[in-house]
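Q:
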Amino acid sequence: MHYGLDGRTVLITGAAGGIGQALARAFLEQGARLLLLDREAAPLNALVEALSSHQVHSAVCDLGSDASVAAVADLVAHRFGRLDALVNNAGTEYPTPVDDAAPDANARWAALLDNNTTSMWRLTRALLPSLPRGASVINQSSIWGCIGVAGFSAYGASKHAVVGLTRSLALELGPRGVRVNAVCPGWVRTAAALRSLAVMAAEQGRSEADVEREILARQAVPVMLDPADLAGVFLFLASDGSAALTGQCLSASHGEVML
């Protein structure tokens with residue numbers, strides 16, 4: 001399927017992760033020009049080498065650093081001039097049980113919210129001058145941004161916050177002609193998701209396979225998603241075909257959550 005993205009400039013954060021890599025490949029196949037960001041240089045460089053295209057550019061960026069984000073904004077302005085799509089994909093996931101007595105529990109909570117939510121606001125704000133009328137901002141949330149999950153309150157709170165941020169920015173940026181939407185994936189077979197599954201299994205005293213079967217039984221299509229399964233949702237939201245959509249949160253969860 002062709003989404004009409006030839007020659008458009010797309011920035012993807014967290015590009016070296018499982019979903020980020022799948023999105024980078026999908027947008028490149030559509031003819032987009034890419035700027036890939038990640039805070040880890042080695043996996044980012046490996047991805048760029050694997051993609052092997054003059055359409056692909058990259059930069060190491062700590063989205064928690066104002067200076068690092070400002071450097072990316074300058075790079076976009078001077079090398080590309082404009083961004084047609086900003087994909088705020090970067091994030092992290094780990095448990096934060098409320099009864100955690102570790103000395104760094106509060107710091108880990110705050111760090112997760114900054115990494116998953118505040119970083120999106122920080123980068124989007126810095127890139128506003130490069131987002132022309134017709135641009136699309138796509139924020140990565142989660143179905144855990146729609147429901148509660150015991151033991152992962154910081155992650156859930158951060159993803160609920162992404163939904164609220166998306167809707168607020170849609171209203172703020174709408175007069176500029178910039179659309180803002182979110183994707184809420186369900187269980188995707190990534191390293192982070194599988195770590196969370198292992199934590200849940202250990203806490204329940206069950207096998208990971210048993211917990212996975214229970215998760216899949218809640219889905220209309222009882223199959224765990226692969227990162228590439230999400231690509232079409234992002235391509236659609238970046239395309240003119242979704243021009244009527246802003247402030248929306250699309251559940252991509254094989255029917256586990258229906259919004």
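The sequence shown begins at 1 in UniProt numbering and counts up by one. From the three backbone atoms N, C-alpha and C, an ideal C-beta is built for every residue, glycine too.
Go ahead and label R213 buried or exposed: buried means 16 or more other beta carbons lie within 10 angstroms of its beta carbon, across all protein chains shown.
A: Here residue 213 corresponds to residue number 213 of the sequence shown, with the count starting at 1. So R213 counts as exposed.
Q: Less than 7 Å between C-beta atoms, sequence neighbours within five positions excluded: which residues of the same chain meet that for L44?
A: Within the sequence shown, residue 44 is the residue found at index 44, counting from 1. Counting only Cβ-Cβ distances below 7 Å, and skipping sequence neighbours, we find A15, A16, L36, D38, S58, V60.
Q: Please identify the residue among S52, W121, P129 whose C-alpha is closest to the C-alpha of H78.
A: Mapped onto the sequence shown, residue 78 falls at position 78. That would be P129, whose Cα lies nearest to the Cα of H78.
Q: Compare the C-alpha of F80 against each of S136, E29, V10, T96 and name the closest.
A: The sequence position of residue 80 within the sequence shown is 80, counting from 1. Of S136, E29, V10, T96, the residue nearest in Cα terms is V10.
Q: CA-CA distance, G177 and Q248?
A: For this step, residue 177 is matched to residue 177 along the sequence shown. For this step, residue 248 is matched to residue 248 along the sequence shown. Their backbone Cα atoms lie some 15 Å apart in a straight line.
Q: Can you have a look at S158 and say buried or exposed, based on whether 16 or more other CB atoms are within 10 angstroms of its CB?
A: Reading the sequence shown from its first residue, position 158 is the one you call residue 158. Buried, because 16 or more other Cβ atoms sit within 10 Å of the Cβ of S158.
Q: What span of residues does the alpha helix (DSSP H) with A107 cover, start to end?
A: To locate residue 107, count along the sequence shown from 1; it is residue 107. It spans 105 to 113 - the alpha helix (DSSP H) in which A107 sits, taken as one unbroken run.
Q: Start and end of the beta strand (DSSP E) containing V211?
A: Here residue 211 refers to the residue found at position 211 when the sequence shown is read from its first residue. Segment 208 to 217 is the alpha helix (DSSP H) holding V211; no beta strand (DSSP E) there.
Q: List the whole-angstrom C-beta distance separating A252 from C184, where the pair is believed to meet the contact cut-off of C-beta under 8 Å.
A: Within the sequence shown, the letter at position 252 stands for residue 252. Within the sequence shown, the letter at position 184 stands for residue 184. That belief holds up - the Cβ atoms of A252 and C184 are roughly 7 Å apart, short of 8 Å.
Q: I need the straight-line Cα distance from A202 to R108, nearest angstrom please.
A: The residue you call residue 202 lines up with position 202 of the sequence shown. The residue you call residue 108 lines up with position 108 of the sequence shown. Taking the straight line from one Cα to the other gives about 21 Å.
Q: Is DSSP giving D74 helix, strand or coil here?
A: Taking the sequence shown and counting its residues from 1, the one referred to as residue 74 is at position 74. Correct three-state label for D74: helix.
Q: Would you report the Cα separation of M200 and S142, rounded to the nearest angstrom?
A: Taking the sequence shown and counting its residues from 1, one reaches residue 200 at position 200. Taking the sequence shown and counting its residues from 1, one reaches residue 142 at position 142. Distance between M200 and S142, taken at the CA atoms: about 17 Å.
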